[in-house]
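Following UniProt numbering, the residues of the sequence shown are numbered contiguously, the last one being 340.
Just below is one structure, and these are the notes that go with it.
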Amino acid sequence: MRLGALATSSIAHRRVLPTAVSMPEVDLIAVAGRSVEKAGRFAEQFGCAAERDYAALLKRPDVEAVYISTPTALHRAWADRALRAGKHVLIEKPIGVNADEARQLCSLARERGLVLRENFMFPHHPQHAFAADLVRRGRIGTPSTFQASFCIPPLPADDIRYAPGLGGGALLDVGVYPLRAAVLLLGPGPRVAGATLRTRASDGLDLSGQALLISPSGILAQVTFGFEHVYASSYTLWGDRGRLSVTRAFTPPAAHQPVLVLEEQDHEERFTLLASDQLRLCLEDFAAAVRKSEAGDGRAEADKRRDAIALLECVDEVRRQAVRVMTDDGPQGSCLQVPS
Numbered sequence: 001m002r003l004g005a006l007a008t009s010s011i012a013h014r015r016v017l018p019t020a021v022s023m024p025e026v027d028l029i030a031v032a033g034r035s036v037e038k039a040g041r042f043a044e045q046f047g048c049a050a051e052r053d054y055a056a057l058l059k060r061p062d063v064e065a066v067y068i069s070t071p072t073a074l075h076r077a078w079a080d081r082a083l084r085a086g087k088h089v090l091i092e093k094p095i096g097v098n099a100d101e102a103r104q105l106c107s108l109a110r111e112r113g114l115v116l117r118e119n120f121m122f123p124h125h126p127q128h129a130f131a132a133d134l135v136r137r138g139r140i141g142t143p144s145t146f147q148a149s150f151c152i153p154p155l156p157a158d159d160i161r162y163a164p165g166l167g168g169g170a171l172l173d174v175g176v177y178p179l180r181a182a183v184l185l186l187g188p189g190p191r192v193a194g195a196t197l198r199t200r201a202s203d204g205l206d207l208s209g210q211a212l213l214i215s216p217s218g219i220l221a222q223v224t225f226g227f228e229h230v231y232a233s234s235y236t237l238w239g240d241r242g243r244l245s246v247t248r249a250f251t252p253p254a255a256h257q258p259v260l261v262l263e264e265q266d267h268e269e270r271f272t273l274l275a276s277d278q279l280r281l282c283l284e285d286f287a288a289a290v291r292k293s294e295a296g297d298g299r300a301e302a303d304k305r306r307d308a309i310a311l312l313e314c315v316d317e318v319r320r321q322a323v324r325v326m327t328d329d330g331p332q333g334s335c336l337q338v339p340s
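This is the structure in structure tokens:
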């Protein structure tokens, strides 16, 4: 797969491009950024060409797919341009800032017969299939409750995730992980029953939050996310016979050996799994999809598009229903005021 990198983001530099250039399935052709100098440094490090800007990269005939890691608010615009240029697209999550943007991009990808994927890595990790199999085999009995959290400590004050105009906020950055996990484990189509968001008073940026969901089968799900906590990345499935817990659920290092814990009334069982590089698996899956000629109409791509739209529909509903708790202007604001 002949790949172009559109944007010189931190995740591109630290994670995605180092993995991509180590894979025989990927040939990194060129990189473009807002800064020609920074693009040049990326090109030198990763052994590819540097383009003067994003538009020039999209014009290259030797680039068949692009990886887009711009700020979230720019995802729709540049994915749209890439698809119209005939390029397959792997875009950092989420695909846009709302469901309307997701629908527009998914419709365009379907019309053009192109692959459009979000760079959600964690669903590719085998630990989640293992967890789902335990549930299917009845090890926790009848599931009734799902709890998931993805929280990180406060970020530097100038981090773009604190910029509302760039698609910042905890819901779009970390909240989409436990929401996506709820769909992965409980099935598509959960309803939002309620939500809360701790919101910065000066600009409305959400710093953390919770949401209560109901799956189509009636399982209750509670998700927690935010920029105001010690690190947590986990989920738990409870049933009438047992409780299954997964730690390091969303961002396990490639060398991490997952340990899933199954608690029963008088028994605890631990399952230690092999380490797995979920980013490499995600890129391999994208490259394999690009190789297929029926990308626009294939069932796998239709499912990916459905999931991307459904996730942002859920995000939109969380925003709509949220009771907002106002904080002061600092990233770690502690002066609270509940709107009347």
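Backbone N, C-alpha and C fix where the C-beta goes; we use that ideal spot for every residue, glycine too.
Note that this is a predicted model, so its numbers are computed, not measured.
By DSSP's criteria, HIS128 is part of a beta bridge. Which residues make up the other side? Sequence index remark: in the sequence shown, residue 128 carries index 128 (1-based). Answer by DSSP bridge pairing: none, since HIS128 is not bridged.
- Item | Length of the line joining the Cα atoms of THR72 and GLY239 | As a working note, residue 72 is residue 72 in the sequence shown. As a working note, residue 239 is residue 239 in the sequence shown. Rounded to the nearest angstrom, the two C-alpha atoms are 37 angstroms apart.
Checklist entry - To which residues does DSSP link LEU6 through a beta bridge? => result Start at 1 with the first residue of the sequence shown, and residue 6 comes out as number 6. Answer is ALA32 and ILE68, bridged to LEU6.
Using DSSP with H/G/I as helix, E/B as strand and the rest coil, what is GLY187? Locating residue 187 in the sequence shown gives position 187, counting from the first residue. Looking at GLY187 - three-state DSSP - the assignment turns out to be coil, as it is neither helix nor strand.
Relative to the C-alpha of GLY298, which candidate in ALA49, LYS59, GLN257 and GLU111 has its C-alpha closest?
Position 298 of the sequence shown holds residue 298. Selected option, being the one with the closest Cα: GLU111.
Checklist line | Bounding residues of the beta strand (DSSP E) (the contiguous stretch that carries ASP54) | finding: Taking the sequence shown and counting its residues from 1, one reaches residue 54 at position 54. Correcting the residue identity first, residue 54 is Tyr in this sequence and not Asp. Looking at the DSSP string, TYR54 is not in any beta strand (DSSP E); the run it does join, the alpha helix (DSSP H), is 54 to 58.
- Based on Cα-Cα distance, which residue from VAL246, ALA300 and ALA289 lies nearest to HIS128? Sequence index remark: in the sequence shown, residue 128 carries index 128 (1-based). The shortest C-alpha separation from HIS128 is found at VAL246.
- Query: Going by other Cβ atoms of all chains shown within 10 Å of its Cβ, with 16 needed for buried, is GLU268 buried or exposed?
  - Reply: As a working mapping, residue 268 is identified with position 268 in the sequence shown. By the neighbour-count rule (16 or more Cβ atoms within 10 Å), GLU268 is not buried but exposed.
Along the chain, where does the alpha helix (DSSP H) containing THR19 start, and where does it finish?
As a working note, residue 19 is residue 19 in the sequence shown. Per DSSP, THR19 belongs to the alpha helix (DSSP H) from 17 to 21.
* Could you tell me if GLU118 is buried or exposed, where buried requires 16 or more neighbouring beta carbons within 10 angstroms of its beta carbon? => Start at 1 with the first residue of the sequence shown, and residue 118 comes out as number 118. Burial call: buried.
Checklist entry - Are PHE42 and GLY33 closer than 9 angstroms when you measure CB to CB? => result Locating residue 42 in the sequence shown gives position 42, counting from the first residue. Locating residue 33 in the sequence shown gives position 33, counting from the first residue. Closer than 9 angstroms, so yes.
- Task: With a floor of 4 residues, list each alpha helix (DSSP H) that falls wholly inside the UniProt domain "GFO/IDH/MocA-like oxidoreductase" (131 to 244), ordered by position along the chain.
- Result: 176 to 186
Nearest-angstrom Cα separation, counted from ARG243 out to THR236: Position 236 of the sequence shown holds residue 236. Position 243 of the sequence shown holds residue 243. In a straight line, the C-alpha of THR236 is about 7 angstroms away from that of ARG243.
- For the segment 5 to 22 and the segment 300 to 320, state whether three or more C-beta atom pairs, one from each stretch, are separated by less than 8 angstroms. no
Worksheet entry | For THR251, the residue or residues it bridges with in DSSP | Along the sequence shown, one-based indexing puts residue 251 at 251. DSSP lists no partner for THR251.
**Q.** Reference PRO123; option with closest CA among ARG324, LEU311, GLN321 and GLN278
**A.** Looking up residue 123 in the sequence shown gives position 123. Answer by Cα proximity: GLN278.
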